[in-house]
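Trainee:
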Amino acid sequence: MIATALTTVVLAVLVIGAALAAWQSRRWLAGRPAAVGVVAGLRALPGRYLVDVHQVVGRTPFNARFHALAAGGFLAAVGLLVAMAVGLAGWRIVWLLLAVVLAAMLAGSLMVWHRRRVVRPRELSQGRFARLPVSLLGFSGSLLAVSLDQALGGVMPEVLALLLVAIAGLAMADLVWGVWKGPLKHAVHGALHLAFHPRPARFHDGKGRDTGLKPLALAPQQDAGTVEPGALGVERPVDFAWNRLLGFDACVQCGRCETACPAYAAGLPLNPKKLVQDLVIAMDGQASDAAYAGNPHPGRGVGKAHGGAALPLIGPDAMIHPDTLWSCTTCRACVQECPMMIEHVDAVVDLRRFQTLELGATPGKAAGMLEELRATDNPGGRALARRWDWAADLSLPRLPAGGSCDTLLWVGDGAFDLRVQRSLRALVVVLRRAGVDFAVLGDEELDCGDVARRLGDEATFQSLATRNVATLNSRRFARIVTADPHALHTLRNEYPAFGGNWAVVHHTALLLELISGGALTVTKPVGRSVTFHDPCYLGRYNGEIEAPRALLDAIGVQRREMLRSGLRSSCCGGGGGAPLTDVSGERRIPDVRMEHVRETGASMVAVACPNCALMLEGVVGPRPDVAEIAELVLAATETAR
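Residue numbers (our numbering): 632 to 1272.
1) Less than 8 Å between the CB atoms is what I'm expecting for Ser-773 and Ile-798, so what's the real figure, rounded?
2) State the DSSP-derived secondary structure class of Thr-1038, mapped to helix, strand or coil.
3) Start and end of the beta strand (DSSP E) containing Val-1161?
4) Any idea what DSSP makes of Val-1061, helix, strand or coil?
5) Just to check my reading of the structure: Leu-906 and His-975 have Cβ atoms closer than 8 Å, yes? What is that Cβ distance to the nearest angstrom?
6) Using the three-state DSSP reduction, which class does His-745 fall into: helix, strand or coil?
7) Within 10 angstroms of its Cβ, does Asn-1104 collect 16 or more other Cβ (buried), or is it exposed?
8) Helix, strand or coil for His-937 per DSSP?
9) In the DSSP assignment, find the alpha helix (DSSP H) that holds Ile-1176 and state where it starts and stops.
10) Count the CB pairs spanning the segment 930-942 and the segment 956-973 that are closer than 8 Å, and state whether there are at least three.
11) When DSSP builds the beta bridges, which residues end up paired with Gln-1189?
12) Give the secondary structure of Thr-842 by DSSP, where H, G and I count as helix, E and B as strand, and everything else as coil.
13) CA-CA distance, Met-1225 and Ala-714?
14) What residues match up with Glu-968 in a beta bridge as DSSP calls it?
15) Does the Cβ of His-845 have 16 or more other Cβ atoms within 10 Å, making it buried, or fewer, making it exposed?
16) Contact defined as beta carbons within less than 8 Å: I believe Leu-982 pairs with Val-865. What is the distance between those atoms, to the nearest angstrom?
17) Based on Cα-Cα distance, which residue from Leu-877, Leu-1183, Ala-636 lies nearest to Val-790?
18) With Met-1235 as the anchor, note down where its beta strand (DSSP E) starts and where it stops.
19) Would you call Asp-1077 buried or exposed, if buried means 16 or more other Cβ atoms sit within 10 Å of its Cβ?
20) Quick one: is Val-1257 buried, meaning 16 or more other Cβ sit within 10 Å of its Cβ, or exposed?
21) In the structure shown, what three-state DSSP assignment does His-828 receive?
22) Name the DSSP beta bridge partners of Thr-1113, please?
23) Looking at the structure shown, is Ala-992 part of a helix, part of a strand, or coil, going by DSSP?
24) What does a CB cutoff of less than 7 Å around Asp-854 pick up in its chain, not counting 5 residues either side in sequence?
25) Provide the residue span of the beta strand (DSSP E) that contains Val-1257, from first to last.
26) For Phe-871, which residues of its own chain have a beta-carbon under 6 Å away from its beta-carbon, when the five flanking residues on both sides are left out?
27) Label Phe-693 either buried or exposed according to how many other C-beta atoms from any shown protein chain fall within 10 Å of its C-beta, with 16 as the threshold for buried.
28) With a 10 Å radius around its C-beta and 16 neighbouring C-beta atoms as the bar for buried, classify Gln-686 as buried or exposed.
29) For Arg-931, which three-state DSSP category applies?
30) Rounding to the nearest angstrom, what Cα-Cα distance links Val-732 and Gly-739 in this structure?
31) When the Cα of Val-1250 is compared with those of Ala-1237, Val-640, Arg-1219, which residue comes out closest?
32) Express the C-alpha separation of Leu-700 and Met-1246 in angstroms, rounding to a whole number.
33) What separation, rounded to the nearest whole angstrom, lies between the Cα atoms of Ala-649 and Met-803?
34) Assuming the contact rule is C-beta atoms closer than 8 Å, Gln-879 and Leu-910 should be a hit. Round their C-beta distance to whole Å, please.
35) Considering just the uninterrupted stretch of the alpha helix (DSSP H) at Lys-905, what are its terminal residues?
36) For a quick check, are the C-beta atoms of Pro-900 and Ser-958 less than 8 Å apart?
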């Protein structure tokens, strides 16, 4: 009797849950088509969940333990209960095994209770999420008592046992209801998202890193005799590809992205968790964020945003305010921290593309910069020859079409800035000191297009990319070296889509190679306490965190690490065109980052990006010195040759 009642309840709840999940799928299937490898994705799902997801979850060991106990125990318990329904209910050993599984789940549930009801991290959403510990405890505790009783032969009064079964059924129903509207949406949608992810190469079964933006088709696409609409970017929720809508639905509102976001930390009107929830809520018929129970975008209350699946997402009273969209620095800290592998930055850029290309609504100084970039091929509107004023006395070798050299130096548009020119001069002197065969493009080097693309101007980016690729492909060289991580990322990861495939290295990797190989000798170790600020486009975008540190160690610094460093470094605020969009917050992002520097007690912060140098040197008041890493290498090796 008890076994029959229990298995009937479980199977009924599972059927209802499957129906709810299928009903929920209508939301994301309303999006644009997307090509996915269904069989390959489903086959890869277990590994992506057990390896990639748990690598992220494991960064917080307590969370990893309760997740494994509670979620693993629940899945194992449901599996055993289904097995009982097909004939194993009479075996005491099965009941005993179920009791062991439920005991593990109960332990995990108590840990969830402690986190949500005692610790109560600020980033966790409340609302229906607050019921999660009660449901987990109700299911595991009630069934643990029943399973132990059945393993001992059934000594409990039947009425009490049935009551416990009913409690477990209600608790399970609440958990399954969460698949539709609550905290367990990621259990179904998250699994499907991992299988049909828009960036499958980012998982361990792919190349492990996939950060380049995908080209936008700028002309109407011909397909089976029909022409797709010519809208560029995303205006409405249904303009996203269906698997991106699925990805938004995978959000469990854990708040990890919120705690990592530099814009949120500085009080700019952006909370990446709320942004994703805005996109989720917008798929409802009469969308409103009034029921959102997490932290809002700073400076913007909850309940004023409205929208719908076929309504524009961006606007003063729409689901996403323009200031929220343009606050993002595209640093990918949110993506790095998300346990469900949601691609926040891709969504931001898709939305910006429509605003820039279709509406011409790029804010602040960004619109003027884009106009100058289109007219002169550099964001400052200056003559390309002025890029080399700083090197008038250096006689830099120019690489003509058909020419060859070992190393092509890409200086980037930082070369127009006096501060960046100092570090470029240091790099050139060091390369010559080491005997490197290098040359530059001269006036034929155009802006790489990084800022234009992040601001949504895909047309200008593609124009620059195709011309730069043609220029580079007309020369022969072994590698490109650059001191600009944004140029590094663009040339290495985004130009291949336009026919550019070269070895591209950051100058820290090259300088380390020169010292390690004996081409440079350290004669005057730096000797100062130094902390290294990881550029977002070098670390998170390209995975290079070791070379700069090994280089600093090689030149004799006393290295100190910031709490937020490496792949989890905090942004300087200089990426994604953020300095041009004029969105104000409570503080400046570089001021927040400089606080992290001060906390180390280091007398100097070393940087390896022109944007980082400019942003951190712009911090006013007493602060540690800011030095570009090539300048430190020059000082440490100045009497070497």
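Using N, Cα and C, we set each Cβ at its ideal position, and we do this for glycine too. Only a predicted model underlies this, so the values are computations on that prediction, with no experimental measurement involved.
Mentor: With the given structure in hand:
1) Reading the sequence shown from its first residue, position 142 is the one you call residue 773. Reading the sequence shown from its first residue, position 167 is the one you call residue 798. Confirmed, Cβ separation roughly 4 Å.
2) For this step, residue 1038 is matched to residue 407 along the sequence shown. In this structure, Thr-1038 counts as strand in the three-state DSSP scheme.
3) Start at 1 with the first residue of the sequence shown, and residue 1161 comes out as number 530. Here the beta strand (DSSP E) through Val-1161 covers 1160-1163.
4) Sequence index remark: in the sequence shown, residue 1061 carries index 430 (1-based). Helix.
5) Along the sequence shown, read from residue 1 onward, the residue named residue 906 stands at position 275. Along the sequence shown, read from residue 1 onward, the residue named residue 975 stands at position 344. That pair is a contact at about 7 Å.
6) If you number the sequence shown from 1, residue 745 lands on position 114. Under the three-state reduction of DSSP output, His-745 falls in the helix class.
7) The residue labelled residue 1104 in the question sits at position 473 within the sequence shown. Its Cβ having fewer than 16 others within 10 Å, Asn-1104 is exposed.
8) Taking the first residue of the sequence shown as position 1, residue 937 is located at position 306. In this structure, His-937 counts as strand in the three-state DSSP scheme.
9) Here residue 1176 is taken as the residue at index 545 of the sequence shown, counted from 1. Taken as a continuous stretch (DSSP letters only), Ile-1176 belongs to no alpha helix (DSSP H), as it is neither H nor E.
10) no
11) Looking up residue 1189 in the sequence shown gives position 558. Looking at the DSSP assignment, Gln-1189 forms a beta bridge with Ser-1160.
12) As a position in the sequence shown, residue 842 is number 211, starting the count at 1. Three-state DSSP puts Thr-842 in coil, outside helix and strand.
13) To locate residue 1225, count along the sequence shown from 1; it is residue 594. To locate residue 714, count along the sequence shown from 1; it is residue 83. Their backbone Cα atoms lie some 58 Å apart in a straight line.
14) What you label residue 968 is simply residue 337 of the sequence shown in a count that begins at 1. DSSP, once it has assigned bridges, lists no residue as partnering Glu-968.
15) Walking along the sequence shown from the start, residue 845 turns up at place 214. A small correction: the amino acid at residue 845 is Lys; His does not occupy that position in the sequence shown. The residue is exposed, with fewer than 16 neighbouring Cβ atoms inside 10 Å.
16) Against the sequence shown, residue 982 aligns to sequence position 351. Against the sequence shown, residue 865 aligns to sequence position 234. Indeed, because the Cβ distance is near 5 Å, the residues count as touching under 8 Å.
17) For this step, residue 790 is matched to residue 159 along the sequence shown. Nearest option by C-alpha distance: Ala-636.
18) For the purposes of this step, residue 1235 is taken as the residue at position 604 of the sequence shown. 1235-1238 is the span of the beta strand (DSSP E), which, as asked, contains Met-1235.
19) Taking the sequence shown and counting its residues from 1, the one referred to as residue 1077 is at position 446. Residue 1077 is actually Leu in this sequence, not Asp. Answer is buried; the Cβ neighbour count reaches 16.
20) Reading the sequence shown from its first residue, position 626 is the one you call residue 1257. So Val-1257 counts as buried.
21) Taking the sequence shown and counting its residues from 1, the one referred to as residue 828 is at position 197. Three-state DSSP puts His-828 in coil, outside helix and strand.
22) Counting from one through the sequence shown, the residue named residue 1113 turns up at place 482. For Thr-1113, the beta-bridge partners assigned by DSSP are Trp-1041, His-1137.
23) For the purposes of this step, residue 992 is taken as the residue at position 361 of the sequence shown. Coil at Ala-992, not helix or strand.
24) Taking the sequence shown and counting its residues from 1, one reaches residue 854 at position 223. Confidence at Asp-854 is low in this model, with a pLDDT of 49, below 50, so the placement of that residue should be treated as unreliable; the coordinate-derived value is given next. Cβ within range, chain order: n/a, list empty.
25) Counted from its first residue, the sequence shown places residue 1257 at position 626. Note, Val-1257: beta strand (DSSP E), 1256-1259.
26) Walking along the sequence shown from the start, residue 871 turns up at place 240. The residues are Gly-662, Val-865.
27) Residue numbering aside, residue 693 sits at position 62 when the sequence shown is read from its first letter. When all chains shown are included, Phe-693 counts as exposed.
28) For the purposes of this step, residue 686 is taken as the residue at position 55 of the sequence shown. So Gln-686 ends up on the exposed side.
29) Your numbering for residue 931 matches position 300 in the sequence shown. Coil at Arg-931, not helix or strand.
30) Position 101 of the sequence shown, counted from the start, is the residue given in the question as residue 732. Position 108 of the sequence shown, counted from the start, is the residue given in the question as residue 739. Distance between the alpha carbons of Val-732 and Gly-739 is about 11 Å.
31) Working through the sequence shown from its first residue, we reach residue 1250 at position 619. For the residues Ala-1237, Val-640, Arg-1219, the minimum Cα distance to Val-1250 belongs to Arg-1219.
32) The sequence position of residue 1246 within the sequence shown is 615, counting from 1. The sequence position of residue 700 within the sequence shown is 69, counting from 1. Each residue's Cα considered, the two are about 45 Å apart.
33) As a working mapping, residue 649 is identified with position 18 in the sequence shown. As a working mapping, residue 803 is identified with position 172 in the sequence shown. Looking at the two C-alpha atoms, the distance is approximately 13 Å.
34) Position 248 of the sequence shown, counted from the start, is the residue given in the question as residue 879. Position 279 of the sequence shown, counted from the start, is the residue given in the question as residue 910. First, the amino acid is wrong: residue 879 is Phe here, not Gln. Confirmed, about 5 Å.
35) In the sequence shown, the residue the question calls residue 905 occupies position 274. Taken as a continuous stretch (DSSP letters only), the alpha helix (DSSP H) holding Lys-905 covers 903-912.
36) As a first step, residue 900 is located in the sequence shown; it is residue number 269 there, counting from the start. As a first step, residue 958 is located in the sequence shown; it is residue number 327 there, counting from the start. Taking 8 Å as the Cβ cut-off, Pro-900 and Ser-958 qualify as a contacting pair.
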